[in-house]
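Asks: Below: one structure in structure tokens.
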Amino acid sequence: MLLIECPWCGPREESEFHCGGEAHIVRPLHPEQLSDPEWADYLFMRSNPKGPHRERWVHEAGCGRWFNVERDTVTHEITAVYRMGGPPPNPSAAPGRKR
Amino acid sequence: MRYSIFSLARNAFGHHEGWPAAWRSPEPKQSYDVVIVGGGGHGLATAYYLAALHGIRDVAVIEKGWLGGGNTGRNTTIIRSNYLWDESAHLYEHSLKLYEGLSRELNFNIMLSQRGVLNLAHNLHDLRELSRRVNAIRLNGIDSEVLTPVQIKAMVPILDTSPDVRYPVLGASLQRRGGVARHDAVAWGFARGADARGVDVIQNCEVTGIRQRNGAVEGVETSRGYIRARKVGVVVAGHASVLAAMAGFRLPIESHPLQALVSEPIKPIHHSVVMSNAVHVYVSQSDKGELVIGAGIDGYDSYAQRGSFPVIEDQMGALVELFPIFSRLKMLRHWAGIVDTCPDASPIISKTPVKHLYFNCGWGTGGFKATPGSGWVFAHTIAHDAPHALNAAFTLDRFSTGALIDEHGAAAVAH
Amino acid sequence: MTDAPFRLPSGGRIDRGSPVSFSFDGERYTGYAGDTVASALLAHGVRLVGRSFKYHRPRGVVTDGVEEPNALVQLGIGASGEPNARATQVEIHDGLAAASQNRWPSLGFDAGAVNGLLSALIPAGFYYKTFMWPGRWWMKYEYFIRRAAGLGRAPTGPDPDTYDKSWAHCDVLVVGAGPSGLAATHAAGRTGARVLLVDERPEPGGHLPGTSQSIDDAPAEEWVSAMVSDLAAMEEVRILPRATALGYYDHNYLTVLERRTDHLPYRERRGRVRQRLWKVRAKQVVLATGAHERPLVFRNNDRPGVMLASAARSYVNRYAVRPGTSAVVFTNNDTAYDPALDLADAGLRVVLADVRTGLSDARRSQLRRRGIELLAGHAITDVRGAKAVTGVSVAALNSSASAYAGGHRKIRCDLVCMSGGWNPAIHLFSQSGGRLAFDEARGAFVPGEARPAQFSAGGCNGTGALAFALSEGREAGKAAAAACGFRKRGGTPLPKVDVVEETPIRLLWTVPSRHLGRRLDKHFVDFQNDVTAADIALAAREGYRSVEHLKRYTTTGMGTDQGKTSNVNALAILSETLGADIAATGTTTFRPPYVPATFGALAGRDVGELSDPVRTTPMHQWHVEQGAAFEDVGQWKRPWYYPRDGESMREAVDRECLAARGSVGILDASTLGRIDVQGPDAAEFLDRIYTNGWKRLAVGRCRYGLMCTEDGMVFDDGVTLRLGEHRFLVHTTSGNAARVLAWMEEWLQTEWPDLDVYCNSVTEQLATASISGPFARQLLTELTTDVELGRDAFPFMSWRDGHVAGLPARVARVSFTGESSFEVSVPSGYGLSLWTALMHSGQRYGITPYGTEAMHVLRAERGFIIAGQDTDGTVTPIDLGMEWIVSRSKDFIGKRSLGRADTTRAERKQLVGLLTDDPEEVLPEGGQIVDTVTKPPMRMIGHVTSSYFSANLGRSIALALVRGGRDRHGEPVMVPLERAVVPARITEPRFFDPEGKRAHG
Amino acid sequence: MAERYRRRSALAHLGLEVRASAAVPHAGVVLGECRMRGLLLLRGDVASAGFRSAVSEVLGLVPVAEPLTTARKRDVTMLWLGPDEWLLVTPDRRVDRIERTLRDALAGQRAALTEVSHGRAILTLSGPHARAVLAKGCPLDLHPREFAPGRCARSRLARCQALIHHVSAAPAFEIHVHRSFAQYAWTWLMDAGQEFGVRIAPME
Ligand SMILES: Cc1cc2nc3c(=O)[nH]c(=O)nc-3n(C[C@H](O)[C@H](O)[C@H](O)COP(=O)(O)OP(=O)(O)OC[C@H]3O[C@@H](n4cnc5c(N)ncnc54)[C@H](O)[C@@H]3O)c2cc1C
Ligand SMILES: NC(=O)c1ccc[n+]([C@@H]2O[C@H](COP(=O)([O-])OP(=O)(O)OC[C@H]3O[C@@H](n4cnc5c(N)ncnc54)[C@H](O)[C@@H]3O)[C@@H](O)[C@H]2O)c1
Ligand SMILES: Cc1cc2nc3c(=O)[nH]c(=O)nc-3n(C[C@H](O)[C@H](O)[C@H](O)COP(=O)(O)O)c2cc1C
Ligand SMILES: [Zn+2]
């Protein structure tokens, strides 16, 4: 049972939130220009890392805001919480997507 | 040594000191024809069928921990083949048929107990979906029937079928050939069978890299050194994405915790398997007497093999609603596995962008029932470098073409 | 009244003024308040209390607490029965009825004991090796195996008790109210921090009341009461007795189960919550859970009368019970000495066998003073007796402890006390993700690296001496409070306790047996599951060498005690067998709960009518009064149909359908989802969400829209009203209301934050009645003065604001029935008024309320889909024949997916109509469609999604998804059902008013 | 003409007026329904000076920026719901007018206004055990150190979403739920309060 720090409401119980999966997957601006595999990559392919992971959460039963969380998928330790559109913390240590 | 009541009796005189190891624990060789990564049921079955059916015996199964310690060792063991789409139905039915002969084939009692699997319907929508499913399954030649509340009550008297409860039971589908099996025995039986046919079963050896040249696989790096291989089959369930990353591609997979729990052992009281997707709980009673109970997945990626408590709370609420007499029984232990969920809730048994590298994953919450069938088709795929007709639809490129096999449908969780 | 024969004349924490009468296996006994079933039975000299799982061996009480493997009893009967209760923890109360388990016909004579005779044939894992012949017979064998297994029995009826759950937040949670837990709580509490102290026992003090320990030169209990009264004065400190911490989850979330009434006589329980599950979120956690004593593994160490040394001591001191008359204490460490002394003081004859030789003079003289015979370097080689211990054999060990150096001596006794050292109670520590370390010197796993915001103190930290346990507790409490920002100068001084110098433990994992020397038979490791040292060796030999394999192959540690007394012994024996070191072998995984926890408590009050909210509309009461049958749609209760006296469902639905087309029908449509979309970019936003375009929709007009998921599959549909240049009112399906709003918010916040749009749900703000049929307009005319209802003034697919029945209302001319129809929405508080006004005025037009079933029929007659019924997440708009609604000129969510290889296939399943050859035959929804009937597997080409009898058409109709169905209109197909094969014909998916003229009328 | 009909609250069918008179000895909690409130959802960009001044012009209240807090001016209370979202609680009879003037004032601003007076039910919970009852279903830390009077938060109450407003230190809470959940929330609170004794408050 995670304790998640909503950037607005502060630390709240996991049951108030909903996880929206991997963060920083930007919808292609021109989907029609993508090949089927490229579109499939956007739609379905996920890095699903073991270790630090950036993901989107929404404070569903609270302020209703979406935000990003950096969380270790093994220890569940949350190392950062940052607002949507905000820069990820410490980009050099960026986990996640390899293209 | 063949297992039987006679060998047991013979060994009793020797205080059971004469039993050989069920499988060797060999040092890894430098190279194999085929390396199977992942010593769960699926990996071991693949190795077994490679050796038993395709004459490929120079095979190693590489397991980072202990055999069957992944989802094979932590699942609720429900076996059934009542799947909606033709592709799935045929694959799971093939598996169920293999299961039906497995104890004898392996000379290892896997305790397949075909006590019947019921899926409850609680509203009109459920009923409609249930009827669709049962009709499809029956026309696919698989046993399946619809039960009325009265028939359900007769079969499961302890189930609350009164009409005025929050989630009344309006009907159920029943697959009589469905049931449960002893999960550990499936892994151990395949390991013993594969070992006897020359397969090296190697535990405590983690694959840490996949070497390739010119787009083809060459071998695997492991915590115990490099191992060359002409072909590599990866069957690591929750860790599929990790291995795919080693090979340089991504999968449409997310790893989520799936929890299960057992009650204290009690005298037999529940003789079938009851599942309810609407309220998210399912329960059977094991031969040891404990109730084995499962639910839905936790909502976030995790490799921790433990889940969140609210899932257990919901599950218990649903359980005591369905079975009021269970309220005073006690939860003995709860745990989780890491399930490899796929967007269409169907597996991937496929060639990959890397030549001679094959992946078998995406079984998510429901692959135990497929263990022999999955190994069987995967062995075929590896041996022929081409899928068998039974797994031809379960390729990786269905995500590009859009030809998904959506098994979410009525079953929110396809155990 | 004469007291029980084994009750000491004085002492103990029992209340001699409150005698309590209870029964065991039908026999009546008396004890005192403060007794457990175990202590009270022991006071009466009852030794045999249970039978083991597999061999049905006679078993007695081994421990005095939570770790008990043997003394499990069935409590109560019928619906309030409870199996597998630990007699060592069950507090007796008047009327308590306990019974032994897993025996037949009786505890004294148990037929299942034949398994013990067969034990040679049924070693660990035997079932994997047999019962495979003949082929299908396993189910027959299994029947008997199942009956033999299990322990207690399930209750026979629904639970009469209530349960409860509550959140608890605190700065510091202290688990364990022993000396270190009390010290921690005191240190943290005095800073003003919010401290919660939980302990599973009825009273604080931990193990202290079970000892003869003194603190500050007074009995330890005095120190305990002083602490407790200090704590009671601290406002932010709360103590929960009978509260067991079950699980330690992420980020300092712990579950604690409080047993509130189980100790009370039945008559005092009524109206009270039986158990409460606390869900604790703590900023800091102090674990002070103590330690469990380890049994020694020797031949027949399971005889009733063999118990842990600390338990025997506790029975003497806490319960004033002599657990026997003559005892042999068997140990490998110093902690059994104090128990031996206390037993002697209580009048028992005591012999102490210690496997060690170099013992301290202090210890020797303590024994000498009590006249206790010391057998240094000795071990028990066998225990005699069947249903109770009658004696033991002892012998001197050789220097490597692998065999005996001398002859065996028999000692008569009725009690054997054993101590193999201590296992710190690291369960919670390990559950939280802390790493364990193996302490070679103590032969115990102790906390290693901990997860953040957590401390371990005292026994659970591997600390043996009370003085250190106290100081560790105090430091942990202080540090934990400080970490929450609470500090206070000074502190309570540490109390004074005597320190006796200890001789190091000599680890001896198995004691060689008398007859077989090396061979280990019936040396029990796991008492409950009957796992012996030989089973462990067998598993290792057979390749089950991982401790996890060992566990699963032998079932060690899988019982109700979860191996609290057995796991470490088992893994140590495994290590020895394999020649590996214990640290490398490791433990099995610690999992919650720490003790088995009642399902009812985990469910709490979310049962019965509270198991899930039932949502109702403002008109609900009216529907109930009219005797409507209801359908569950998500959490909503919707009227399904309104049967009149004696009407069948079919008759009622037919009548409702005819009225909606023939006169006027009225539907409660309040459950429809409604979203108020405001902002200059609203139209642009809807353009992206929906497959069709919105920018050109005029204010005052409505449009039907379809939305897809990003993979191109239909997700939801509904009508949207343009309320203003910058404002739309979106309608969603009832089931998807919340999902669609969340979906919109997600896209807005995460992908298009630049759009100036706000979405708010108004689902619940509005109540809606939909009236349909030729008299709908006329009826409405009567009720409104300010809405122009003429065909031209108020065209189809437009809306108007005004008043209906004097209520502020919005009227929309939309139609889901295909009739001329009006949806009237008012603020919910007026919903019932609107409804009754319409019913009242509608009477003379024969107004007929219709439910969801008639609504489905009516819309199907017109071929309108229901998302989620005619679609299943695999259907595109094109599959539905709705290319007209798919914009070519703009992008929208899911558009790209429609161009993929599979989504453009001609053979996709497409929406069609289906007419059975027999007009009376109504196909079942979910029926599968084939071209030709063959032997299974048959080639299926589709399935029936909606199917009804249409009273308006006088025949059955159906909608279906059929492969390539769009080009197959007119072709015959078959629907094979269990009872028959139904022939049918594919048609256009529209059966009534194909041009759709009536809606405009 | 609207006066012909009285607005029915979500729990009107329970007849709480009648039940309120029943004496409950040692009631540990008092539960009631607050019926005559107007509710407006206000959305907007708190960083925009135009938005702030438009709101304060009409209400005399600047949109509160501090999460989980409330502000009050005369008979209007403003509750923070999210960084761009507030709930205005007004007397029922004033809500139309406030909506109109506020909407006019907000013209041209990045903002939205939606009336939800009828879409919610407001339950009142007070008495010495109010916190204990609430804690059974609400994961918020309700200790006055953490959730002082005047604070509000959206969270869960058992199986529904709820807005909890700590209105006074008594303690007293107002619990807003969606209208269709009112019956559930009411039953839940009655059940949770049972062990302490529940009295039904007279209607507001
Ligand atoms: C709680 C729960 C309940 C379930 N209930 C059911 C059910 O009732 N019915 C059903 O049909 N299915 C069920 N399932 C799903 C089922 O358990 C799985 O689909 C199935 O067991 C997968 O088998 P596997 O052999 O593919 O995976 P696993 O058994 O997980 O084996 C994969 C192995 O790969 C190893 N591995 C991973 N990475 C590496 C590496 N780098 N190097 C070497 N080895 C590696 C792992 O250690 C593991 O042993 C359930 C799952 C869970 C978790
Ligand atoms: N009988 C003995 O001789 C004995 C027994 C235990 C400890 N010790 C010694 O006592 C000193 C330590 O005292 P301490 O305070 O650490 O231990 P303690 O055993 O005195 O107290 C621990 C308390 O925690 C409770 N507890 C354990 N797990 C719990 C859980 N999950 N939930 C709720 N309560 C739980 C126990 O019931 C017990 O009351 C050490 O010196 C230790 O070696 C001696
Ligand atoms: C079908 C099944 C039955 C189980 N029965 C028991 C049981 O009777 N007792 C027990 O302690 N654990 C039981 N377990 C749980 C295991 O102890 C263990 O928790 C699970 O295999 C996951 O492994 P882990 O907890 O070691 O990670 C059972 C597990 C499964 C899958
Ligand atoms: Zn928030």
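Residue numbers (numbering that gives the first Met the number 0), protein chains in the order written: chain A, 0 to 98; chain B, 0 to 414; chain C, 0 to 1000; chain D, 0 to 203.
Note that beta-carbon positions come from the ideal geometry of N, C-alpha and C, so glycine has one too.
Nothing here was measured: the structure is a model prediction, and the numbers come from that model.
(1) Please tell me whether Leu141/D has its Cβ less than 8 Å away from any Cβ of chain A.
(2) Count the other CB atoms within 10 Å of the CB of Arg71/D; is the residue buried (16 or more) or exposed (fewer)?
(3) Comparing the C-beta of Pro752/C with each C-beta of chain A, is any distance below 8 Å?
(4) Of all Cβ atoms in chain A, is any one closer than 8 Å to the Cβ of Ser47/D?
(5) I need the straight-line Cα distance from Lys28/B to Ala59/B, nearest angstrom please.
(6) Taking C-beta to C-beta, are Val227/C and Val255/C nearer than 8 Å?
(7) For Val75/D, list the residues DSSP reports as bridge partners.
(8) Using a Cβ-Cβ cut-off of less than 9 Å, give me the residues of the segment 890-921 of chain C that come near chain F, in sequence order.
(9) What do you reckon, is the C-beta of Glu763/C under 7 Å from a heavy atom of ligand 5?
(10) Within the present structure, is the beta-carbon of Trp85/D separated from the nearest heavy atom of ligand 4 by less than 7 Å?
(11) According to DSSP, is Ile877/C helix, strand or coil?
(12) Would you tell me roughly how many angstroms separate the C-alpha atoms of Ala135/B and Ile956/C, rounded to the nearest one?
(13) Hey, how far is the Cα of Leu1/A from the Cα of Ala152/D?
(14) Tell me whether Asn332/C sits in a helix, a strand or coil according to DSSP, three-state version.
(15) Met83/A versus chain B: which residues are under 7 Å apart at the beta carbon?
(16) Taking only three categories from DSSP, how would you classify Thr123/D?
(17) Is the CB-CB distance between Val961/C and Gln927/C below 8 Å?
(18) When burial is assigned at 16 or more other CB atoms within 10 Å of the CB, is Ala766/C buried or exposed?
(19) Where do the ends of the alpha helix (DSSP H) carrying Leu740/C lie?
(20) Would you mind telling me which residues of chain D sit closer than 8 Å to Ala7/A, beta carbon to beta carbon, in chain order?
(21) Given 7 Å as the limit, tell me if Ile311/B has its C-beta closer than that to any heavy atom belonging to ligand 1.
(22) Just to confirm, does Val291/B get its C-beta within under 7 Å of one of the non-hydrogen atoms of ligand 3?
(23) Is any beta-carbon of chain A found at less than 8 Å from that of Ser20/D?
(24) Would you mind telling me which residues of chain C sit closer than 8 Å to Thr400/B, beta carbon to beta carbon, in chain order?
(25) Given Lys164/C, which residues of its chain have a CB within under 6 Å of its CB, disregarding the five upstream and five downstream residues?
(26) Tell me, please, whether the segment 102-120 of chain C touches the segment 74-93 of chain B by the rule of three or more beta-carbon pairs shorter than 8 Å.
(27) For Gln283/C, count neighbouring Cβ atoms within 10 angstroms of its own Cβ and tell me buried if that reaches 16, exposed if not.
(28) What number of angstroms, rounded off, separates the C-alpha of Thr1002/C from the C-alpha of Leu837/C?
(29) Kindly list the residues whose CB is nearer than 8 Å to the CB of Pro159/C, restricted to its own chain and excluding five residues on each side of it in sequence; keep chain order.
(30) Between Gly516/C and Ser399/C, what straight-line distance do the alpha-carbon atoms span, to the nearest angstrom?
(31) With 8 Å as the limit, tell me which residues of the segment 265-276 of chain C have their beta carbon closer than that to any beta carbon of chain D; keep them in chain order.
Replies: So, from the listed chains and residues:
(1) Taking Cβ atoms only, chain A never reaches closer than 8 Å to Leu141/D, which makes this a no.
(2) That one is exposed.
(3) Yes, Pro752/C lies at the interface with chain A (some Cβ there is under 8 Å from its Cβ).
(4) Not closer than 8 Å to any Cβ of chain A, the Cβ of Ser47/D fails to qualify, so no.
(5) Those two C-alpha atoms are separated by around 9 Å.
(6) Their beta carbons are not under 8 Å apart, which means Val227/C does not touch Val255/C by this criterion.
(7) Checking the DSSP bridge columns, you'll see Val75/D partnered with Lys72/D.
(8) The structure shown contains no chain F; its protein chains are A, B, C and D.
(9) Judged by which ligands are present, ligand 5 is missing from the structure shown, whose ligands are ligand 1, ligand 2, ligand 3 and ligand 4.
(10) Taking non-hydrogen atoms of ligand 4 into account, the C-beta of Trp85/D is found less than 7 Å away from none of them.
(11) Under the three-state reduction of DSSP output, Ile877/C falls in the coil class, being neither helix nor strand.
(12) Cα-Cα distance, rounded: 21 Å.
(13) Cα to Cα, Leu1/A sits roughly 19 Å from Ala152/D.
(14) Residue state, collapsed to three classes: coil.
(15) Those do not exist, as Met83/A stays about 17 Å from chain B at its closest Cβ, beyond 7 Å.
(16) If DSSP states are grouped into helix, strand and coil, Thr123/D belongs with the strands.
(17) Judged by beta-carbon spacing, Gln927/C lies beyond the 8 Å limit of Val961/C, meaning their Cβ atoms are not closer than that value.
(18) A buried status is given to Ala766/C, since no fewer than 16 other beta-carbon atoms sit within 10 Å of its beta-carbon.
(19) Its alpha helix (DSSP H) spans residues 736-745.
(20) The amino acid at residue 7/A is misidentified as Ala; the sequence shows Trp. Within chain D, the residues near Trp7/A are Pro66, Gly81, Pro82.
(21) No - ligand 1 has no heavy atom lying nearer than 7 Å to the Cβ of Ile311/B.
(22) Proximity of the beta carbon of Val291/B to ligand 3 is indicated: a heavy atom of the ligand is located closer than 7 Å.
(23) No - not a single Cβ of chain A is within 8 Å of the one on Ser20/D.
(24) Within chain C, the residues near Thr400/B are Arg899, Ala900, Asp901.
(25) Around Lys164/C: Leu276, Gly603.
(26) Flag = no, the segment 102-120 of chain C and the segment 74-93 of chain B do not touch.
(27) Under this definition Gln283/C is a buried residue.
(28) Chain C is shown only over 0 to 1000; residue 1002/C falls outside these bounds and no answer can be derived.
(29) When the five nearest sequence neighbours on each side are left out, the beta carbons in the same chain lying within less than 8 Å of the beta carbon of Pro159/C are those of Ala78, Ser79, in order along the chain.
(30) Low local confidence applies: a pLDDT of 45 at Gly516/C is under 50, so the model's placement there is unreliable, with the coordinate-based value given in what follows. Gly516/C and Ser399/C have their alpha carbons spaced roughly 13 Å apart.
(31) Near chain D, meaning a CB-to-CB distance below 8 Å, the residues of the segment 265-276 of chain C are Gly270, Arg271, Val272.
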